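Chemist:
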Amino acid sequence: MGTFLVNNRYSSVLFDSGTDRSFVSTTFSALLDVVPSILDVSYDVELADERVAETNIILRGYTLRLLGHLFNIDLMPVELGSFDVIIDMDWMEKYHAVIICDEKVIHIPYGNEVLIIQGSSVYSKRSGYHQLRVREDDYPNMAFRTRYGHY
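Note that the numbering used here has the sequence shown beginning at 19, numbered continuously upward.
1) How far does the alpha helix (DSSP H) with Thr176 in it extend, from its first residue to its last?
2) Do Ala80 and Val24 have their C-beta atoms closer together than 8 Å?
3) Once the 5 residues before and after Leu85 are set aside, which same chain residues still bring their CB inside 6 Å of it?
4) Do you know whose CA, among Asp106, Lys112, Tyr166 and Asp102, lies nearest Val28's CA?
5) Measuring straight from C-alpha to C-alpha, what distance separates Cys119 and Glu72?
6) DSSP three-state call for Tyr28: helix, strand or coil?
7) With three or more beta-carbon pairs closer than 8 Å as the criterion, would you say the region 39-50 touches the region 88-100?
8) Taking 8 Å as the cut-off, decide whether the C-beta atoms of Met107 and Ser35 are in contact.
9) I'd like the list of long-range same chain contacts for Thr21, defined as Cβ closer than 6 Å, with 5 residues on each side in sequence excluded.
10) If the criterion is Cβ atoms closer than 8 Å, does the pair Leu98 and Ile104 meet it?
11) Once you ignore the five residues that flank Glu64 on each side, which residues in its own chain have a CB closer than 7 Å to its CB?
12) Whole angstroms is fine: what's the gap from Val9's alpha carbon to Pro54's?
13) Going by other Cβ atoms of all chains shown within 10 Å of its Cβ, with 16 needed for buried, is Val59 buried or exposed?
14) Applying the criterion that 16 or more other CB atoms from any shown protein chain within 10 Å of the CB defines a buried residue, is Ala161 buried or exposed?
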């Protein structure tokens, strides 16, 4: 998951190994100049909120830019919620992508190199600034007496 250029427009992209088609949100696809093609068959797409959307349209010829390299992708327009583009397993298989789930990384061989797509990370306090040490001099030093003792 991350932000990448699709037809030279920034989009939030999800790499989803559980889908068998790649999708684009209808609002995002309206921003791009790609002529739709009508398929002979219609597909029922089950969305994350358990709604079912039907589509027989495919948008061919999109370009996905990953780390400066261009990849072709065909997308089906569907009303998506959080993402502009969802990339399917077949696309990842076509480009021999390897998903390393526990590291949130995708490796895509490209010629003599391997592109490493780093997914966005979930904020954790462990990586936060609360672990920074405060200088001993910066702690306030005020002593006061209560009935329970000195503090």
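Cβ atoms here follow ideal geometry from the backbone N, Cα and C, with glycine treated the same way. Note that the structure is predicted; figures quoted are calculated from it, not measured.
Modeler: With the given structure in hand:
1) Lying outside 19 to 169, the shown extent of the chain, residue 176 is not represented and no answer is given.
2) The amino acid occupying residue 80 in the given sequence is Tyr; Ala does not appear at that position. The answer is yes: Cβ separation under 8 Å.
3) Beyond the five residues adjoining it in sequence on each side, Leu85 comes within less than 6 Å, by CB distance, of Leu133 in the same chain, given in chain order.
4) Note on residue identity: the sequence assigns Tyr, not Val, to residue 28. Out of Asp106, Lys112, Tyr166 and Asp102, Asp102 has the C-alpha closest to the C-alpha of Tyr28.
5) 30 Å
6) In the structure shown, the three-state DSSP call for Tyr28 is strand.
7) yes
8) For Met107 and Ser35, yes; Cβs fall inside 8 Å.
9) Tyr28 and Ser30
10) Here Leu98 is near Ile104, since their CB atoms are less than 8 Å apart.
11) Val70
12) Residue 9 is absent from the model: the chain starts at 19 and stops at 169.
13) exposed
14) exposed
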